[in-house]
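Numbering (the UniProt record's numbering), first residue to last: 1 to 256.
Glycine residues also receive a C-beta, built at the ideal position from the N, C-alpha and C atoms.
Every value quoted in this text rests on a predicted model; they were computed, and no experiment measured them.
Written below as structure tokens is the structure these notes are about.
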């Protein structure tokens with residue numbers, strides 16, 4: 001940021017010279033103390049969000065979304081083909097395997113990077129994962145600002161739910177007895193995390209998006225799937241669990 005300051009009415013110096021004269025005080029702190037408004041050097045809301053050392057993104061929105069979309073499609077396609085090699089697995093279970101591999105890798109890679117990279121907004125190279133979060137923060141600046149609630153939720157999701165999702169893939173493929181119980185547990189965890197995510201935003205004013213486009217495209221649409229799909233899985237798994245118990249009880253009755 002370049003600022004020109006009138007020191008003596010005649011001579012003007014640029015900010016670098018002025019900072020040296022003022023014992024290298026940070027620009028934002030210095031001008032705030034002087035009562036001079038300083039424009040934010042980032043695209044996020046609120047404008048007074050402190051992001052020292054912020055580096056603008058290098059990749060375009062289209063590039064970021066295209067890489068994510070293509071990568072996700074490849075992962076899902078791979079799992080769909082692989083799941084077809086297992087015998088006695090229904091199409092519903094194959095779809096569930098696709099969902100769990102997709103959401104598991106999303107939790108571990110994307111959310112894991114965010115949770116354990118507190119200064120991603122300072123990244124000076126076109127690191128894809130940093131670019132994702134610089135872009136997504138336009139829809140929810142709590143990510144760039146390292147909101148403690150968001151970091152906690154994402155950290156737990158990455159460390160616990162991510163690996164659990166991969167275990168669910170294995171459980172479905174191997175027809176393990178704990179498959180439906182595990183899927184219910186993970187889905188409830190996802191629903192809880194999503195609820196905390198939305199509720200805390202509302203309690204804090206729900207004013208973290210750069211504009212309405214980013215609010216609905218990123219904040220709403222990118223997260224609503226973790227409400228719809230987990231809810232559907234809970235209902236499906238609950239029904240399957242009840243059916244299994246009913247069959248077991250019928251067998252016990254016949255035996256008696």
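**Report entry** Supposed close pair residue 154, residue 114 - CB separation, criterion 8 Å
**Finding:** Taking the chain shown and counting its residues from 1, the one referred to as residue 154 is at position 154. Taking the chain shown and counting its residues from 1, the one referred to as residue 114 is at position 114. With 8 Å as the limit, residue 154 and residue 114 qualify as a contact, their Cβ atoms being about 6 Å apart.
Query raised in the report: When the Cα atoms are used, what is the spatial distance from residue 235 to residue 94?
Result: Stepping through the chain shown from its first residue, residue 235 is reached at position 235. Stepping through the chain shown from its first residue, residue 94 is reached at position 94. When the Cα atoms are used, residue 235 and residue 94 turn out to be separated by approximately 17 Å.
Query raised in the report: Can you give the Cα-Cα distance for residue 43 and residue 140, rounded to whole angstroms?
Result: The sequence position of residue 43 within the chain shown is 43, counting from 1. The sequence position of residue 140 within the chain shown is 140, counting from 1. Roughly 11 Å between the two C-alpha positions.
Query raised in the report: Can you give, in chain order, each stretch of the alpha helix (DSSP H) that sits fully within the segment 113-139 and has at least 4 residues?
Result: 128-136
Query raised in the report: So, using beta-carbon positions, are residue 118 and residue 142 closer together than 8 Å?
Result: Residue 118 sits at position 118 when you count from the first residue of the chain shown. Residue 142 sits at position 142 when you count from the first residue of the chain shown. Contact flag unset, no.
**Report entry** For residue 165, the nearest candidate out of 149, 174, 232, 185 (CA to CA)
**Finding:** In the chain shown, the residue the question calls residue 165 occupies position 165. Checked all of 149, 174, 232, 185; the closest Cα to residue 165 is 185.
Query raised in the report: With distances taken between CB atoms, is the gap from residue 157 to residue 104 smaller than 8 Å?
Result: One-based indexing of the chain shown puts residue 157 at position 157. One-based indexing of the chain shown puts residue 104 at position 104. Not a contact, by the Cβ cut-off of 8 Å.
**Report entry** Close Cβ partners of residue 100 (< 6 Å) along its chain, the five nearest in sequence each way excluded
**Finding:** Translated into the one-based positions of the chain shown, residue 100 becomes position 100. The residues are 165, 168, 169.
Query raised in the report: Is the beta carbon of residue 200 sitting closer than 8 Å to the one on residue 149?
Result: Counted from its first residue, the chain shown places residue 200 at position 200. Counted from its first residue, the chain shown places residue 149 at position 149. Contact check for residue 200 against residue 149 passes: the beta carbons are separated by less than 8 Å.
**Report entry** Residues of its chain near residue 120, where Cβ-Cβ distance is below 6 Å and the 5 sequence neighbours each way are ignored
**Finding:** Taking the chain shown and counting its residues from 1, the one referred to as residue 120 is at position 120. Closer than 6 Å at Cβ, skipping near neighbours: 130, 133.
Query raised in the report: How about residue 214 and residue 138: do their beta carbons lie closer than 8 Å?
Result: If you number the chain shown from 1, residue 214 lands on position 214. If you number the chain shown from 1, residue 138 lands on position 138. For the pair residue 214 and residue 138, the CB atoms are nearer than the 8 Å cut-off.
Requested in this report: Can you tell me which of the three DSSP states residue 189 falls into?
Outcome: On the chain shown, residue 189 is found 189 positions in, with the first residue counted as 1. Residue 189 falls in the helix class under three-state DSSP.
**Report entry** Collapsed DSSP secondary structure at residue 103 in the structure displayed
**Finding:** Taking the chain shown and counting its residues from 1, the one referred to as residue 103 is at position 103. In the structure shown, residue 103 sits in a helix (DSSP, three-state: H, G or I).
Query raised in the report: In terms of residues, what are the limits of the alpha helix (DSSP H) holding residue 69?
Result: By one-based count along the chain shown, residue 69 stands at place 69. Unbroken alpha helix (DSSP H) run through residue 69: 61-83.
**Report entry** Endpoints, the alpha helix (DSSP H) within which residue 45 is located
**Finding:** The count along the chain shown starts at 1 and reaches residue 45 at position 45. Membership of residue 45 in any alpha helix (DSSP H) is not indicated, and neither H nor E is assigned to it by DSSP.
**Report entry** Coarse secondary structure for residue 230, derived from DSSP in three states
**Finding:** As a first step, residue 230 is located in the chain shown; it is residue number 230 there, counting from the start. Three-state result, residue 230: helix.
Requested in this report: Might you give, ordered along the chain, the residues of its own chain that have their beta carbon closer than 6 Å to the beta carbon of residue 97, omitting 5 neighbours on each side?
Outcome: Here residue 97 corresponds to residue number 97 of the chain shown, with the count starting at 1. Counting only Cβ-Cβ distances below 6 Å, and skipping sequence neighbours, we find 79, 83, 169, 172.
Query raised in the report: Start and end of the alpha helix (DSSP H) containing residue 154?
Result: Counting from 1 along the chain shown, the entry for residue 154 is found at position 154. Segment 148-156, the alpha helix (DSSP H) holding residue 154.
Query raised in the report: In or out: residue 135 buried (at least 16 other Cβ within 10 Å) or exposed?
Result: Along the chain shown, one-based indexing puts residue 135 at 135. Counting Cβ neighbours within 10 Å, residue 135 comes out buried, since at least 16 surround it.
Requested in this report: Confirm, please, whether the CB-CB distance from residue 45 to residue 207 is below 8 Å.
Outcome: On the chain shown, residue 207 is found 207 positions in, with the first residue counted as 1. On the chain shown, residue 45 is found 45 positions in, with the first residue counted as 1. Their beta carbons are under 8 Å apart, which means residue 207 touches residue 45 by this criterion.
Query raised in the report: Using a Cβ-Cβ cut-off of 6 Å (strictly less than) and excluding sequence neighbours within five positions of residue 226, which residues of its own chain qualify?
Result: Position 226 of the chain shown, counted from the start, is the residue given in the question as residue 226. Excluding positions up to five away in sequence, the list reads 190, 194.
Query raised in the report: Who are the Cβ neighbours of residue 23 in its own chain at under 8 Å, not counting the five residues just before and after it?
Result: Sequence index remark: in the chain shown, residue 23 carries index 23 (1-based). In this prediction, residue 23 scores a pLDDT of 49, lower than 50, which makes its location untrustworthy; the coordinate-derived value is nonetheless stated afterwards. Within the same chain, residue 23 has no close Cβ partners at all.
**Report entry** Which of helix, strand or coil DSSP assigns to residue 163
**Finding:** On the chain shown, position 163 is the one that residue 163 refers to. Helix at residue 163.
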